[in-house]
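Inspection log for the structure reproduced underneath, given as structure tokens.
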Amino acid sequence: MSLTQVFLGLGSNIEREVHLCAGLDALAGFLVDMRCSAVFESQPVGIKSGPFFNLVVAGHTDLPLIELDRRLKFIEADNGRYAPDRKGLPLDIDVLLYGDLTGNFDGLILPRAEILKNAFVLWPLSLMAPERVHPLVGKSLAALWQEAQIDQVLAPVAFEWRGRQLTPPGL
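In structure tokens, the structure reads:
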């Protein structure tokens with residue numbers, strides 16, 4: 431089976447380092463050539479909670495889209511996402527891009543609309559794949575970030591995973 435390039439958005443606002451590292455560890459178990467963006471702190475969008483840590487992960491997978499999404503839901507569940515008594519969002523993982531697929535796939539809409547709406551998605555995505563063209567808009571991610579007029583404050587934060595600093599100094 432051939433490999434498909436995927437971009438995933440991760441976020442957490444509860445025990446942020448613990449849950450993001452757990453999510454990254456789980457993803458590393460089945461993504462090939464996995465790379466991580468810098469980590470950014472952002473204020474919540476659409477919910478009342480504490481600040482989030484967000485990042486984007488790129489990699490390749492042989493999993494069909496629906497199976498990949500199912501695995502992501504299991505990883506979220508393992509981190510308490512669906513616990514009835516949870517407060518906040520321990521771990522959220524979204525498929526942003528899956529190859530060049532566009533459309534509605536059993537309720538999973540690609541490319542994910544948040545790419546164009548949320549700075550905490552577009553900025554790290556544009557840093558990871560600046561030349562990649564958004565399949566619907568037809569512009570590079572770097573150009574989309576330069577043109578973006580998104581009223582959200584982001585702050586790069588120091589974050590270490592498996593002994594590697596994900597956020598470069600001076601970003």
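Per this note's numbering, the very first residue in the sequence shown carries number 431; after that it's consecutive. Cβ coordinates follow ideal geometry from the N, Cα and C atoms, glycine included.
On the DSSP bridge assignment, give the partners of residue 586 in chain order. According to DSSP, residue 586 bridges with 470.
Hey, residue 527 and residue 437: beta-carbon distance below 7 Å or not? yes
According to the neighbour-count rule (16 or more other Cβ atoms, all chains shown, within 10 Å of its Cβ), is residue 479 buried or exposed? exposed
Does the distance from the CB of residue 609 to the CB of residue 550 come in under 7 Å? Because the chain is modelled from 431 through 601, residue 609 falls outside the range shown and cannot be assessed.
State the DSSP-derived secondary structure class of residue 539, mapped to helix, strand or coil. strand
For residue 556, does the three-state DSSP call read helix, strand or coil? helix
At least 3 beta-carbon pairs within less than 8 Å: the stretch 544-563 vs the stretch 575-582: They touch, by the three-pair rule.
Would you check if the stretch 440-456 and the stretch 497-510 touch, i.e. whether three or more CB-CB distances between them fall below 8 Å? Judged by Cβ distances under 8 Å, the stretch 497-510 makes contact with the stretch 440-456, as three or more pairs qualify.
Tell me the start and end of each unbroken alpha helix (DSSP H) in the stretch 463-509 that is at least 4 residues and wholly inside, in chain order. 495-508
Could you check which residue in 538, 582, 481 has the C-alpha nearest to that of residue 496? It is 538.
Residue range of the beta strand (DSSP E) that includes residue 525: 522-528
Grab me the residues of residue 529's own chain with a C-beta within less than 8 Å of its C-beta, minus the 5 sequence neighbours each way, in chain order. 434, 435, 436
Rounded to whole angstroms, what is the Cα-Cα separation between residue 488 and residue 518? Near 25 Å, if we compare the C-alpha coordinates of residue 518 and residue 488.
Rounding to the nearest angstrom, what Cα-Cα distance links residue 579 and residue 467 in this structure? 21 Å
Along the chain, where does the alpha helix (DSSP H) that runs through residue 439 open and close? It is not in any alpha helix (DSSP H) - residue 439 instead sits in the beta strand (DSSP E) that spans 434-442.
Burial state of residue 534 (16 or more Cβ within 10 Å): exposed
Give me the Cα-Cα distance between residue 457 and residue 581, rounded to the nearest whole angstrom. Separation of residue 457 and residue 581 (C-alpha to C-alpha, rounded to the nearest whole angstrom) is 31 Å.
Could you check the C-alpha separation between residue 506 and residue 483 for me, to the nearest Å? 15 Å
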